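Some notes on the structure that comes next.
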Amino acid sequence: MLDSLEITVLVEDHVPMHGPFLAQHGLSLLLKGVKDGVETRGLLDVGQSHEILTHNMKGLGVAPESIDFLALSHCHYDHTGGVAAFVCSTGKSDFPVIAHPDLFRPHFTVDPSLAHIGVGSADALKKIEEAGGRVILSAAPVPLAEGMASTGEVPRATDFEGPGKRFFTVRDGKTAQDSLPDDMAVTARVRGHGVVVAAGCCHSGIVNILKHVRALYPDEPVEGIVGGLHLVNASEEKMEKTASGIREFAPRWIGAGHCTGFPMQAKLLRDYGMAFTPLAVGATFRVGG
Ligand SMILES: [Fe+2]
Ligand SMILES: [Fe+2]
47 MLDSLEITVL
57 VEDHVPMHGP
67 FLAQHGLSLL
77 LKGVKDGVET
87 RGLLDVGQSH
97 EILTHNMKGL
107 GVAPESIDFL
117 ALSHCHYDHT
127 GGVAAFVCST
137 GKSDFPVIAH
147 PDLFRPHFTV
157 DPSLAHIGVG
167 SADALKKIEE
177 AGGRVILSAA
187 PVPLAEGMAS
197 TGEVPRATDF
207 EGPGKRFFTV
217 RDGKTAQDSL
227 PDDMAVTARV
237 RGHGVVVAAG
247 CCHSGIVNIL
257 KHVRALYPDE
267 PVEGIVGGLH
277 LVNASEEKME
287 KTASGIREFA
297 PRWIGAGHCT
307 GFPMQAKLLR
317 DYGMAFTPLA
327 VGATFRVGG
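Residue numbers (our numbering): 47 to 335.
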């Protein structure tokens, strides 16, 4: 368990009115966990381009060399763009990069036209390794630091969540629907508070993620949720079911943005009031300490 946790948004679709930051469709979160006076720093995702990540990290005074690990929530280009460049910028060898075993598969959409939207060729496994990364691929939870871990693959339990039918991959030489099996989140457990869930896009569904986190840590309340909920074009029914599913876990606060969509953000604002924060670069969440 951590003594304290701080999560800062490094890359997001929005920027605040003041500050030197740049916005970009994508997400990157910095997690700083402190245990017995020792701080561990990790990133969840790197956004879409290394230039934006570097610019915003500089503006926030975060040195790449200070980062201890990188977890990747899923394959999408707006979360994995520039992984190899980021690993290189840490100046480290054997820099841990944690992801699901299916991360590097071909991943396409045909909406609005055929495009590969998975991990780009500049960030292929070999390129990350050449940059100094030690890629750890696991469908099971991986410990990242004291009190921090990846969730691993998220079981699909609800009947209203999931990525739908718009993504494709190639399996055994044939085109097949892609359900984003690689979608996962990171948990950070803080003593006296509970578990904070940091997610990328929640293509597996935030309620499925919360159910999985509860199964992993049955005795711990959900302290907070940070990330994208991917409800940008969701029906009112899906948003309402998601909101009520989240309420069952009674998180104390929620920071949601990126692909969450304004209507869902408005719903969360109605539900949580000042305990809801729309994400933007520089937004910071502190627990404990
Ligand atoms: Fe995304
Ligand atoms: Fe995504």
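By construction, the Cβ of each residue, glycine as well, lies at the ideal position given by its N, Cα and C atoms.
All of these numbers come straight from a predicted model, not from anything done at the bench.
Exercise for the section: Indicate whether the contact test is met: 3 or more Cβ pairs, each with one atom in the segment 183-198 and one in the segment 206-217, closer than 8 Å. Expected result: Verdict: no, contact absent.
Exercise for the section: Sort Pro152, His146, His120, Leu116 by Cα distance to Ser135 and report the nearest one. Expected result: One-based indexing of the sequence shown puts residue 135 at position 89. The alpha carbon of Ser135 has as its nearest neighbour, out of Pro152, His146, His120, Leu116, the alpha carbon of Leu116.
Handout entry: Beta-carbon proximity list for Phe154, same chain, < 6 Å, skipping 5 on both sides
Key = Here residue 154 is taken as the residue at index 108 of the sequence shown, counted from 1. Cβ neighbours of Phe154 beyond the five flanking positions: His162, Phe214.
Handout entry: Validate contact between the segment 305-315 and the segment 226-234 using beta carbons, cut 8 Å, 3 pairs
Key = Per the Cβ contact rule, the segment 305-315 is not in contact with the segment 226-234 (fewer than 3 Cβ pairs under 8 Å).
Exercise for the section: Please indicate yes or no: does the CB of Gly246 lie closer than 8 Å to some heavy atom of ligand 2? Expected result: Position 200 of the sequence shown holds residue 246. Yes; taking the cut-off as 8 Å, the Cβ of Gly246 has a heavy atom of ligand 2 nearer than that.
Exercise for the section: State buried or exposed for Asn102, treating a residue as buried only when at least 16 other CB atoms are found within 10 Å of its CB. Expected result: As a position in the sequence shown, residue 102 is number 56, starting the count at 1. Counting of Cβ neighbours within 10 angstroms places Asn102 among the buried residues, the total reaching 16 or more.
Practice task
Identify the continuous beta strand (DSSP E) that holds Glu52 and give its terminal residues.
Solution key: Residue 52 sits at position 6 when you count from the first residue of the sequence shown. Segment 50-57, the beta strand (DSSP E) holding Glu52.
Exercise for the section: Less than 8 Å between the CB atoms is what I'm expecting for Cys248 and Gly274, so what's the real figure, rounded? Expected result: Here residue 248 refers to the residue found at position 202 when the sequence shown is read from its first residue. Here residue 274 refers to the residue found at position 228 when the sequence shown is read from its first residue. Cys248 to Gly274, Cβ: 6 Å. Contact.
Practice task
Alpha carbon to alpha carbon, how far is Arg202 from His258? Give it in angstroms, no decimals.
Solution key: For this step, residue 258 is matched to residue 212 along the sequence shown. For this step, residue 202 is matched to residue 156 along the sequence shown. About 9 Å.
Problem - Reduced DSSP secondary structure (H/G/I, E/B, other) of Lys172 - result: Position 126 of the sequence shown holds residue 172. Lys172: helix per DSSP, three-state reduction.
Exercise for the section: Return yes when at least one heavy atom of ligand 3 lies under 8 Å from the C-beta of Cys305, else no. Expected result: This structure simply doesn't include ligand 3; it includes ligand 1 and ligand 2 instead.
Problem - Gly301 vs Val55 beta-carbon contact at 9 Å - result: By 1-based counting over the sequence shown, the position of residue 301 is 255. By 1-based counting over the sequence shown, the position of residue 55 is 9. Result yes, Cβ atoms of Gly301 and Val55 sit closer than 9 Å.
Exercise for the section: Could you tell me the boundaries of the alpha helix (DSSP H) in which Met103 lies? Expected result: Against the sequence shown, residue 103 aligns to sequence position 57. Element bounds for Met103: 96-105.
Exercise for the section: State the Cα-Cα distance for the pair Thr197 and Gly270, rounded to the nearest angstrom. Expected result: If you number the sequence shown from 1, residue 197 lands on position 151. If you number the sequence shown from 1, residue 270 lands on position 224. Rounded to the nearest angstrom, the gap between the Cα atoms of Thr197 and Gly270 is 15 Å.
Exercise for the section: Return the Cβ separation of Asp169 and Thr233 in integer angstroms, given the expectation that the two are a contact with Cβ distance under 8 Å. Expected result: Reading the sequence shown from its first residue, position 123 is the one you call residue 169. Reading the sequence shown from its first residue, position 187 is the one you call residue 233. Actually they are not in contact, since the Cβ atoms of Asp169 and Thr233 sit about 25 Å apart, beyond 8 Å.
Handout entry: Lys78 burial status per 10 Å Cβ neighbour count (16 or more: buried)
Key = Against the sequence shown, residue 78 aligns to sequence position 32. Residue burial annotation: Lys78 is buried, with at least 16 other C-beta atoms found within 10 angstroms of its C-beta.
Practice task
List the DSSP bridge partners of Thr86.
Solution key: Indexing the sequence shown from 1 puts residue 86 at position 40. DSSP lists Gly79 as partners of Thr86.
Practice task
Measure the alpha-carbon distance for Ile160 versus Val92 and round it to whole angstroms.
Solution key: Taking the first residue of the sequence shown as position 1, residue 160 is located at position 114. Taking the first residue of the sequence shown as position 1, residue 92 is located at position 46. Here the sequence assigns Leu to residue 160, which means Ile is not the residue at that position. For Leu160 and Val92, the distance between alpha carbons rounds to 24 Å.
Problem - Beta bridge counterpart(s) of Arg214 as assigned by DSSP - result: Taking the sequence shown and counting its residues from 1, the one referred to as residue 214 is at position 168. With the sequence shown as reference, residue 214 is identified as Phe, and Arg is not the correct amino acid for it. Note: Phe214 sits in a beta bridge opposite Phe154, Gln223.
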